[in-house]
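*Asks:* Protein sequences, first through last, are from chains A and H.
The first sequence begins at 6 in this note's numbering and counts up by one.
The second sequence begins at 6 in this note's numbering and counts up by one.
Protein chains: 2
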Amino acid sequence: MGKLDYFFSPKSVAVIGVSRNPKKVGHVIFRNFSEGKFKGKLYPVNPKVDEILGSKCYPSISKVPGRVDLAVISIPAEFVPGTLEECGKKKIPAVIIISGGFKEIGRNDLEDAVVRILKKYKIRVIGPNCIGIYDPHSDVDTFFLPRYKLERPGDGSIAFISQSGALGSVILDWMAMKNYKISKFISYGNASDVDEADLIEYLANDKRTKVICAYFEGVKQGRKFYEIVSKVANKKPVIALKGGKTAEGNKAVSSHTGSMAGVSEIYSAAFEQSGVIEADNLEEIFDFARVLSTQPVPNGNRVQIITDGGGFGVLAADWIINNGLKLAKMKKESVDQMRKVLPSHVVLKNPIDLTGDADVERYRVAMDAAMKDDNVDMIAVITLFQIPTLTAEITDVISSFVEQGKKPVVVIAAGGRFTEVLKKSMEDFGVPTFSYPEKAAKALGALYDYSLAISGKT
Amino acid sequence: MGKLDYFFSPKSVAVIGVSRNPKKVGHVIFRNFSEGKFKGKLYPVNPKVDEILGSKCYPSISKVPGRVDLAVISIPAEFVPGTLEECGKKKIPAVIIISGGFKEIGRNDLEDAVVRILKKYKIRVIGPNCIGIYDPHSDVDTFFLPRYKLERPGDGSIAFISQSGALGSVILDWMAMKNYKISKFISYGNASDVDEADLIEYLANDKRTKVICAYFEGVKQGRKFYEIVSKVANKKPVIALKGGKTAEGNKAVSSHTGSMAGVSEIYSAAFEQSGVIEADNLEEIFDFARVLSTQPVPNGNRVQIITDGGGFGVLAADWIINNGLKLAKMKKESVDQMRKVLPSHVVLKNPIDLTGDADVERYRVAMDAAMKDDNVDMIAVITLFQIPTLTAEITDVISSFVEQGKKPVVVIAAGGRFTEVLKKSMEDFGVPTFSYPEKAAKALGALYDYSLAISGKT
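1) I need the boundaries of the alpha helix (DSSP H) containing Ala-76(H), first residue and last residue.
2) State the start and end residues of the unbroken alpha helix (DSSP H) segment that holds Tyr-453(H).
3) Are the C-beta of Gln-342(A) and some C-beta of chain H separated by less than 9 Å?
4) From the beta carbon of Ile-488(H), is the nearest beta carbon of chain A less than 9 Å away?
5) Which runs of the beta strand (DSSP E) fall wholly inside the segment 328 to 415 of chain A and span at least 3 residues, in chain order?
6) Any C-beta of chain H within less than 9 Å: which residues of the segment 407 to 426 of chain A qualify?
7) Helix, strand or coil: which one does DSSP assign to Glu-283(H)?
8) Checking contacts by CB at 9 Å: is Ala-294(H) closer than that to chain A?
9) Taking C-beta pairs closer than 9 Å, name the residues in chain A that His-32(H) reaches, listed in chain order.
10) Quick one: residues in its chain with C-beta nearer than 6 Å to the C-beta of Glu-443(A), no 5 flanking neighbours on either side, listed in chain order?
11) Within its chain, find whatever has a CB closer than 6 Å to the CB of Gly-315(H); leave out the 5 residues flanking it on each side and keep chain order.
12) Where in the segment 186 to 248 of chain A do unbroken runs of the beta strand (DSSP E), each at least 3 residues long, occur, reported from the N-terminal end onward?
13) Short check: CB of Ile-191(A) to CB of Val-234(A), under 9 Å?
14) Is Ala-19(H) closer than 9 Å to Val-54(H) when the C-beta atoms are compared?
15) Mind checking which residues open and close the beta strand (DSSP E) that includes Ile-21(H)?
16) Along the segment 318 to 329 of chain A, what residues have a CB closer than 9 Å to any CB found in chain H?
17) With a Cβ-Cβ cutoff of 9 Å, do Val-319(H) and Val-415(H) count as a contact?
18) Any Cβ of chain H within less than 9 Å of the Cβ of Thr-400(A)?
19) So which of Gly-249(A), Ile-101(A), Ile-217(A), Gly-41(A) has the shortest CA-CA distance to Gly-194(A)?
20) Have a look at Val-302(A), Asp-292(A), Asn-184(A), Trp-179(A) and flag the residue whose alpha-carbon is nearest the alpha-carbon of Lys-240(A).
21) Given that Glu-443(H) touches chain A, what residues does it touch there, using C-beta distances under 8 Å?
22) Determine the DSSP secondary structure at Arg-25(H), reduced to helix, strand or coil.
23) To the nearest angstrom, report how far apart Ala-445(A) and Pro-141(H) are at their CA atoms.
24) What is the DSSP secondary structure of Asp-323(H), reduced to helix, strand or coil?
25) Using a threshold of 9 Å, state whether the C-beta atoms of Asp-433(H) and Asn-184(H) are closer than that.
26) Distance, Cα to Cα, Leu-353(A) vs Arg-344(A)?
27) At the 9 Å Cβ level, is Val-258(A) part of the contact set with chain H, yes or no?
28) With a cut-off of 8 Å on the beta carbons, I'd call Pro-356(H) and Met-383(H) a contact; round off their distance for me.
29) Give, in chain order, every unbroken run of the alpha helix (DSSP H) that is at least 4 residues long and sits entirely within the segment 58 to 142 of chain A.
30) Would you say Tyr-185(H) reaches chain A, if we count a Cβ-Cβ gap shorter than 9 Å as a contact?
31) Using only alpha-carbon positions, find the residue among Val-199(H), Ser-167(H), Ile-110(H), Pro-64(H) that is nearest to Phe-12(H).
32) Candidates Val-308(H), Met-431(H), Ala-82(H): which alpha carbon is nearest Asn-327(H)'s?
33) Hey, quick one: how far does the beta strand (DSSP E) through Phe-165(A) stretch, first residue to last?
34) Between the beta-carbon of Ile-74(H) and the beta-carbon of Ile-97(H), is there less than 9 Å?
35) Given this structure, state the Cα-to-Cα distance separating Gly-71(A) from Ala-99(A), to the nearest angstrom.
36) Return the CA-CA distance between Asp-292(H) and Ala-419(H), expressed in angstroms with no decimal places.
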């Protein structure tokens, strides 16, 4: 077990600084561990309290009996170095320091002390000034926000690391609502020890993670970062969003984390050279990630559109072209085959327009033909669920084609509550769904770029 | 009363082609009228039926007693000319032809017949091959999609016209879910009589409409369109999205509506010269429309950001710059004033970072200062509702500042269900809300562009 494994799969966790006050950080963290699915041993630590939520409370970490794999520290900054020293003496391999009040407010002395101690005892530390980890598989959850107020996404294959805790956590809340799933989330704050490069290297070898996503404002060690992502990005997709790209945003960064954001162009060039896929905005990170984590790599850039609404087909065609992809031209045999069974008013071009009286069978016929046709590399399916003839069974049909894993498929469906419910059910089966053509097309473009990167064609 | 008024505020409506089969178009249209808030007289017409949903059914439109302001026709295309002739004889001023089966499938003969008759009797016609009108104020609703499957948005001030019925209707479904409100929606299909230019001219004089939005793939009469929008766009915002901008999308248009989409650059140039705000995608139309319909015109392009999350503040700063706006620099007096009452760890720059322990009072102080400071033209407020110290009262505080109508305000709040509920409550008070900074910034950019257009500075 590598040392970073202790952060995500600890057999025993101590929460240092629990409180009986349900509004306090230490209380919420302990409650999340004790009420969740976490299966390991749990040790609350607080010298002033005997018992919390039915568990015996220990006066200090050194008084905890037996081995502790992970300590989560949430106490005032000035007491952190002393407590970390105790953790070292107890040979705890991994420590998350939630507490703020270090470098980010000018207390470099306290942060230096932390670094000295973690080196002395070879402890791996995440933080300080972070919200830590959420791992839906082990249910390690150090967020100090109650689950009723900030929902957690389900167990999936997208990893997300974020320098900013607030930004990362509200994105998880949004992902949970959308039914997007994650493998691991890490907010690493001041990165006094474990930094973005360490995490990306770790996630590259994590079997539960298929795509690595990152939001950061600055990088601690440029060369190390570049070398690691260059190695990782060609075997597992790495998607990054850099905050503070403009001079003005850059100034805001220095107020936010006290770090220098660096020159935007340097980052973009480094991303491109190392094979990192750069996202333009937060939503796009996960648009890309959902497609890259669920869909096979395409053989080319020819997309077949299948729609029941002409207008959406037109917009999809526009955006496919705008993103460097092409409209597929299906073989005559495929078209003839479809023509035999589909009504004459169905338009068998690209887009294939199944028209406003389309039913599930028409979609089945068209998707089957596109799947089998060698002139088609990717499929964009537009389903306006509101038309009277289309039943909810369409989600099963699409999901079963996607399950074959032969060609990338994305689904575009705009609408209200009814539509959202059907889209969520498809997300469960690994079907990436979008409300609008431009986002789906951009994500297919990212998938195609990745296919070029891993085949060495870029 | 102008003739187009009869479409939106008829005192009596005949639905020609009602059916007792609840899946049929004519049935759904009649049901929507009879079960909605529509206050006028209603006449179902069908020679084969005596009674429908408790109403006496008339064998033909000529047998309907008394005056009819609006006829909605949903019968097979071949019978439409004869029925339209009867409508003419009965002096019905406005007719919506829902039926398809005309020019779009090559039956130009039938469409020509329709045009001859409407000219002969001076009837104004919307359609054929359309889904017609939804007006939440009068509850004229000719959508043939039941309300449980496709929700209708509430009564507001955004008008939306769409050549494509399917596209328009699913967008309304999405708007209803988001709690965005509209004044009128019109799907005009083949535009055999009333076209996009007529509708824009009409909506320019409609008091309930503050912003006009349009999706179209081609324009029927280029010069007429250009002349009308040039007049309208400088007194009321007109936002347009053109489908089929690429050569490939253009080909898809000819399969979709049989019309030529024209050269994309010509449209973009015409939009710019006539003062039309061009949107890049469907969502953006309504991002722009919500801001332009609710917020005052700014005096300049200096934006003050107020946030409780540093990362979102950084991204907002980036996007404000990317959209041709500037970060405001507040006066020393304003900063001193805030400094007196706000804690020392609050960052009083731009962004103002109220930090992760912000409460409602901090927002009140910062918004009040930004509202009063002459160096600030617009305000972007970021509220991550998930932080423990921020109560739901924040929505009232923000709404009351927006109600003053002194400076444009947008709210950015990302998250899950809890966040969405609070955002919807603000939309009710005319506060435009966004999930992500890039969209809010782009919409403020559109508002600023409009301010330049009406002041003749562009």
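Glycine included, every Cβ here is placed at the ideal spot set by N, Cα and C.
*Replies:* In this structure, then:
1) The sequence position of residue 76(H) within the second sequence is 71, counting from 1. It is not in any alpha helix (DSSP H) - Ala-76(H) instead sits in the beta strand (DSSP E) that spans 75 to 78.
2) Here residue 453(H) refers to the residue found at position 448 when the second sequence is read from its first residue. Its alpha helix (DSSP H) spans residues 442 to 459.
3) For this step, residue 342(A) is matched to residue 337 along the first sequence. False, the Cβ-Cβ gap to chain H never drops below 9 Å.
4) Residue 488(H) cannot be examined here, being either before or after the span of chain H that is shown, 6 to 463.
5) 383 to 387
6) Ala-418, Ala-419, Gly-420, Gly-421, Arg-422, Phe-423, Thr-424, Glu-425
7) As a working note, residue 283(H) is residue 278 in the second sequence. Three-state result, Glu-283(H): strand.
8) Numbered from 1 along the second sequence, position 289 holds the residue referred to as residue 294(H). No, because no Cβ of chain A sits closer than 9 Å to the Cβ of Ala-294(H).
9) For the purposes of this step, residue 32(H) is identified with residue 27 of the second sequence, where counting begins at 1. None at all; the shortest Cβ gap to chain A is about 11 Å.
10) Taking the first sequence and counting its residues from 1, the one referred to as residue 443(A) is at position 438. Cβ neighbours of Glu-443(A) beyond the five flanking positions: Trp-324.
11) Here residue 315(H) refers to the residue found at position 310 when the second sequence is read from its first residue. Excluding sequence neighbours, Gly-315(H) sits near Asp-358.
12) 187 to 192, 216 to 221, 243 to 247
13) On the first sequence, residue 191(A) is found 186 positions in, with the first residue counted as 1. On the first sequence, residue 234(A) is found 229 positions in, with the first residue counted as 1. Not a contact, by the Cβ cut-off of 9 Å.
14) Within the second sequence, residue 54(H) is the residue found at index 49, counting from 1. Within the second sequence, residue 19(H) is the residue found at index 14, counting from 1. Not in contact: Val-54(H) and Ala-19(H) (Cβ atoms no closer than 9 Å).
15) Your numbering for residue 21(H) matches position 16 in the second sequence. Ile-21(H) -> beta strand (DSSP E) spans 17 to 21.
16) Gly-318, Val-319, Leu-320, Ala-321, Ala-322, Asp-323, Trp-324, Ile-325, Ile-326, Asn-327
17) What you label residue 319(H) is simply residue 314 of the second sequence in a count that begins at 1. What you label residue 415(H) is simply residue 410 of the second sequence in a count that begins at 1. Not closer than 9 Å, so no.
18) As a first step, residue 400(A) must be located in the first sequence, where it is residue number 395. Closer than 9 Å: no.
19) In the first sequence, counting from the first residue as 1, residue 194(A) sits at position 189. Of Gly-249(A), Ile-101(A), Ile-217(A), Gly-41(A), the residue nearest in Cα terms is Ile-101(A).
20) As a position in the first sequence, residue 240(A) is number 235, starting the count at 1. Of the candidates Val-302(A), Asp-292(A), Asn-184(A), Trp-179(A), the one whose C-alpha sits nearest the C-alpha of Lys-240(A) is Val-302(A).
21) On the second sequence, position 438 is the one that residue 443(H) refers to. Correct list: Asp-285, Asn-286.
22) Locating residue 25(H) in the second sequence gives position 20, where the first residue counts as 1. In this structure, Arg-25(H) counts as coil in the three-state DSSP scheme.
23) Working through the first sequence from its first residue, we reach residue 445(A) at position 440. Working through the second sequence from its first residue, we reach residue 141(H) at position 136. Whole-angstrom Cα-Cα distance: 32 Å.
24) Taking the second sequence and counting its residues from 1, the one referred to as residue 323(H) is at position 318. Three-state result, Asp-323(H): helix.
25) Counted from its first residue, the second sequence places residue 433(H) at position 428. Counted from its first residue, the second sequence places residue 184(H) at position 179. Yes, the Cβ-Cβ distance between Asp-433(H) and Asn-184(H) is below 9 Å.
26) The sequence position of residue 353(A) within the first sequence is 348, counting from 1. The sequence position of residue 344(A) within the first sequence is 339, counting from 1. Near 8 Å, if we compare the C-alpha coordinates of Arg-344(A) and Leu-353(A).
27) Counted from its first residue, the first sequence places residue 258(A) at position 253. Yes, its Cβ sits closer than 9 Å to a Cβ of chain H.
28) Locating residue 356(H) in the second sequence gives position 351, where the first residue counts as 1. Locating residue 383(H) in the second sequence gives position 378, where the first residue counts as 1. Actually they are not in contact, since the Cβ atoms of Pro-356(H) and Met-383(H) sit about 14 Å apart, beyond 8 Å.
29) 85 to 94, 113 to 126
30) To locate residue 185(H), count along the second sequence from 1; it is residue 180. No, Tyr-185(H) does not count as interfacial toward chain A.
31) Working through the second sequence from its first residue, we reach residue 12(H) at position 7. Among Val-199(H), Ser-167(H), Ile-110(H), Pro-64(H), the Cα nearest to that of Phe-12(H) is on Val-199(H).
32) Locating residue 327(H) in the second sequence gives position 322, where the first residue counts as 1. When only C-alpha atoms are compared, the closest one is Val-308(H).
33) Indexing the first sequence from 1 puts residue 165(A) at position 160. Here the beta strand (DSSP E) through Phe-165(A) covers 160 to 167.
34) Walking along the second sequence from the start, residue 74(H) turns up at place 69. Walking along the second sequence from the start, residue 97(H) turns up at place 92. Residue identity check: residue 74(H) is Asp in the sequence provided, not Ile. Contact: yes.
35) The count along the first sequence starts at 1 and reaches residue 71(A) at position 66. The count along the first sequence starts at 1 and reaches residue 99(A) at position 94. Approximately 15 Å, taken between the alpha carbons.
36) Locating residue 292(H) in the second sequence gives position 287, where the first residue counts as 1. Locating residue 419(H) in the second sequence gives position 414, where the first residue counts as 1. Using only the alpha carbons, I get a separation of about 15 Å.
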